[in-house]
Amino acid sequence: MAFDYGDRTGYEPISDVDRKEFHEQGFLLLRNVLTEDHRAALEAAVDRVYAEEQAKGNTTKDGTLHLLGFLERDELFGDLLTHPIAFPYMWGLAGWNIYSHHNHLDVTPPALEPEKPYWGWHQDGYRQNSDPETMDPNLPRPMFSLKVAYVLSDLSETGRGATKVIPGSHLWNSLPRPADTTVHNPDPEGTVEITAKPGDAFIFDRRQWHSRSTNLSTITRKMLFVGYTYRWIRPLDELHIDTDGEWWANRTPVQRQLCGEGTHTANYWGINWDGYIDDEIPLRKELKERGQLNRNIPWLR
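Position 109 of the sequence shown, counted from 1, bears residue number 117 in this note's numbering, the numbering being contiguous throughout.
Here's what the structure looks like:
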């Protein structure tokens, strides 16, 4: 299916203003990323996958689904890898030697019970928050990865299960935790619930301290999250791509890179066996041909 994004290709550079805001705040809310027909088609695909998973008994008792590695479940999902508006933020902020290591489809129906006490604040990355740690608490950890979250349902009001973030907290290595998490605790100072309309999207640094929230509304929350990291980092999700099937045949060279394809082990490090940069890596090749490499931006050299 083709959707009208005008002359946008997915290879336009992001603005210095957006880059500065992302580096300072740790996230960006992008309005009207999906056209309405594209959003509706994605929601229909999500509804189909949800029904399939529900039939298998893979949803919780309240109907919540958190499905990892969803990309190969529909053509539309595969094309999200290089969405013409969102994708420039991925390579613009992380560079050309990237792929999608982690992606999840979330459906969160209205909660069946009142909100229970919980403390959900965390940074993504698991051991990435410990293994490269220094003894200097004032030295932020590396970003390593970022996500784009596509909003398919109406989250324009609080209380609908939206993601909560603390702007600027991606530069903090720790967040004070209440002594007693069995009772309701207030959100940390500076918390923002990302309210967004259908078709909006937001991107965030994996270090951003964030939390889920309970869906206290009558609207079912539907979201698609696509994460990107460096090709020399192992995948978090297990994909089940049939490389002899139609879905794989329909992927572009850049999309295949983003699904983890590489020619040899050194290729994942951005080089050939001679130690020089591999200019045939699909995303690097595309950006080079379009004049988008930039020696002044380390990850775009």
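Built from N, CA and C at the ideal position, the CB exists for glycine as well.
Selected residue, minimal CA-CA separation from residue i, among the options
| i | options | result |
| --- | --- | --- |
| leucine 120 | His272, Leu224, Val57, Glu288 | Leu224 |
| glutamine 263 | Gly86, Pro186, Leu50 | Gly86 |
| aspartate 245 | Gly235, Ala53, Ser138, Asp252 | Gly235 |
| glutamine 265 | Gly14, His109, Pro122 | His109 |
| arginine 215 | Ile202, Leu295, Gly133 | Gly133 |
| valine 159 | Asn40, Ile285, Pro145 | Asn40 |
| glutamate 254 | Arg81, Gly34, Asp162 | Arg81 |
| asparagine 105 | Leu76, Val54, Leu291, Pro145 | Leu291 |
| asparagine 181 | Tyr19, Tyr107, Asn137 | Asn137 |
| phenylalanine 35 | Asp250, Ser153, Glu294 | Ser153 |
| threonine 228 | Tyr238, His272, Asp162, Gly18 | Asp162 |
| tyrosine 238 | Phe210, Ala257, Cys267, Leu247 | Cys267 |
| proline 186 | Trp129, Glu51, Pro145 | Trp129 |
| isoleucine 305 | Lys205, Lys28, Arg16 | Lys28 |
| arginine 259 | Glu83, Ile93, Asp24, Ser23 | Glu83 |
| aspartate 24 | Gly100, Leu79, Lys296 | Gly100 |
| leucine 247 | Gly77, Thr271, Thr72, Pro96 | Gly77 |
| proline 261 | Leu75, Leu89, Gly198 | Leu89 |
| arginine 298 | Glu201, Ile279, Pro96 | Pro96 |
| threonine 67 | Ile22, His31, Glu294, Leu113 | Leu113 |
| arginine 30 | Phe233, Lys296, Ile174 | One point to set straight first is that residue 30 is phenylalanine, not arginine, in the sequence displayed. The shortest C-alpha separation from phenylalanine 30 is found at Ile174. |
| asparagine 111 | Thr166, Thr203, Val156 | Val156 |
| threonine 226 | Ile211, Thr166, Asp195, Pro196 | Thr166 |
| phenylalanine 233 | Arg47, Asp252, Phe210 | Phe210 |
Counted within 10 angstroms of its Cβ, other Cβ atoms place residue i as buried (16 or more) or exposed
| i | result |
| --- | --- |
| methionine 9 | exposed |
| methionine 143 | exposed |
| glycine 103 | buried |
| tyrosine 58 | buried |
| proline 117 | buried |
| histidine 218 | buried |
| glutamine 62 | exposed |
| tyrosine 276 | buried |
| tyrosine 284 | exposed |
| leucine 147 | exposed |
| lysine 205 | exposed |
| lysine 69 | exposed |
| aspartate 213 | buried |
| glycine 65 | exposed |
| arginine 56 | exposed |
| glutamate 294 | buried |
| glycine 198 | exposed |
| lysine 296 | exposed |
| arginine 168 | buried |
| histidine 311 | With the chain covering 9 to 309 only, the question about residue 311 has no answer from this structure. |
| arginine 242 | exposed |
8 Å Cβ shell around residue i - same chain, five flanking residues per side excluded
| i | result |
| --- | --- |
| glutamate 43 | The sequence given here places threonine at residue 43; glutamate does not occur at that position. For threonine 43, where only same-chain residues beyond five positions count, the Cβ hits under 8 Å are Phe11, Asp12, Tyr13, Gly207. |
| arginine 16 | Pro92, Ile93 |
| proline 140 | Arg149, Pro150 |
| valine 200 | Lys172, Val173, Ile174, Pro175 |
| aspartate 250 | Glu80, Trp256 |
| serine 164 | Thr203, Ala204, Lys205 |
Beta-bridge partners of residue i, as assigned by DSSP
| i | result |
| --- | --- |
| glutamate 201 | Lys172 |
| tyrosine 97 | Tyrosine 97 is not bridged to any residue. |
| glycine 235 | His110, Lys155 |
| threonine 116 | Arg229 |
| alanine 209 | Leu38, Tyr158 |
| isoleucine 285 | Ile279 |
| histidine 178 | In DSSP, histidine 178 forms no bridge with anything. |
| leucine 147 | DSSP, once it has assigned bridges, lists no residue as partnering leucine 147. |
| leucine 311 | As shown, the chain starts at 9 and ends at 309. That puts residue 311 outside it, with no answer to give. |
| leucine 163 | Ala204 |
| serine 219 | Lys172 |
| histidine 31 | Histidine 31 is not bridged to any residue. |
| histidine 130 | His218 |
Own chain, CB closer than 6 Å to residue i, minus 5 neighbours either side, in chain order
| i | result |
| --- | --- |
| asparagine 302 | Leu308 |
| methionine 98 | Tyr236 |
| histidine 2 | Residue 2 cannot be examined here, being either before or after the span of the chain that is shown, 9 to 309. |
| isoleucine 289 | none |
| glutamate 20 | Pro96 |
| arginine 220 | Gly128 |
| histidine 46 | Phe11 |
Own chain, CB closer than 7 Å to residue i, minus 5 neighbours either side, in chain order
| i | result |
| --- | --- |
| aspartate 282 | none |
| glutamate 51 | Leu160, Lys230 |
| glutamate 32 | Gly176 |
| glycine 270 | Arg239, Tyr276 |
| aspartate 26 | Leu36 |
| aspartate 286 | Asn275, Gly278, Ile279, Asn280 |
Contact test: residue i Cβ vs the ligand MG heavy atom, cutoff 8 Å
| i | result |
| --- | --- |
| threonine 68 | The ligand MG is not part of this structure, which contains no ligands at all. |
Any chance the stretch 123-137 sits against the stretch 182-196, with 3 or more Cβ pairs inside 8 Å? yes
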